[in-house]
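Chemist: Counting from 121, one number per residue, gives the positions in the sequence shown under the working numbering.
Glycine included, C-beta positions come from ideal geometry on N, C-alpha and C.
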Amino acid sequence: SELPDVSQNIKLKTHIKTLKEHLKTDSEWDNFIVHFEEVNQGLLSTLKEKHPNLSSNDIRFICYVYMNLSLKEIGTIFNITQEACRKRKERIFRKMQIDKDISFYDYLSRLA
121 SELPDVSQNI
131 KLKTHIKTLK
141 EHLKTDSEWD
151 NFIVHFEEVN
161 QGLLSTLKEK
171 HPNLSSNDIR
181 FICYVYMNLS
191 LKEIGTIFNI
201 TQEACRKRKE
211 RIFRKMQIDK
221 DISFYDYLSR
231 LA
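(1) Quick one: give me the first and last residue of the alpha helix (DSSP H) that isoleucine 222 is part of.
(2) Three or more C-beta pairs closer than 8 Å, one from the stretch 203-214 and one from the stretch 179-194: is that the case here?
(3) Report buried or exposed for glycine 195, applying the criterion of at least 16 other Cβ atoms within 10 angstroms of its Cβ.
(4) Taking only runs of the beta strand (DSSP E) that begin and end inside the stretch 150-205, which ones reach a length of at least 3 residues, in chain order?
(5) Using a Cβ-Cβ cutoff of less than 6 Å, which residues in the same chain neighbour lysine 104 once the five nearest sequence positions on both sides are dropped?
(6) Mind reading off the beta-carbon distance from leucine 174 to lysine 215? Whole number of angstroms is fine, and I expect it under 8 Å.
(7) Exposed or buried, what is phenylalanine 152 when buried is set at 16 or more other beta-carbons lying within 10 Å of its beta-carbon?
Dropping the structure here:
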């Protein structure tokens, strides 16, 4: 079978561009994590130790919350709605078994 001619296939070119953006984002994320750990020594390792069930996306979300970004700003980063962001935050709360009365930011600050 022949490989598709990428130069003529707009849909395929769009998919390739999207994939490249994701790869770029992941490498930028790796750099971000290194610097985040330098500034907030021990936070991520304590978080992972206390909550080993968190996914890398959960950790990413938590970092942005810790940086005091609004759900709207975090939603823009993840390319999701503010409502989806709120639901993700609730899901992470449940996963971490944090009381809803406790501020997420305060909880994270105590870990640092």
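Modeler: The relevant details are as follows:
(1) That residue, isoleucine 222, is in no alpha helix (DSSP H); it is neither H nor E in DSSP.
(2) yes
(3) buried
(4) none
(5) An answer regarding residue 104 cannot be provided, because it is not within the stretch 121 to 232 covered by the chain.
(6) 7 Å
(7) exposed
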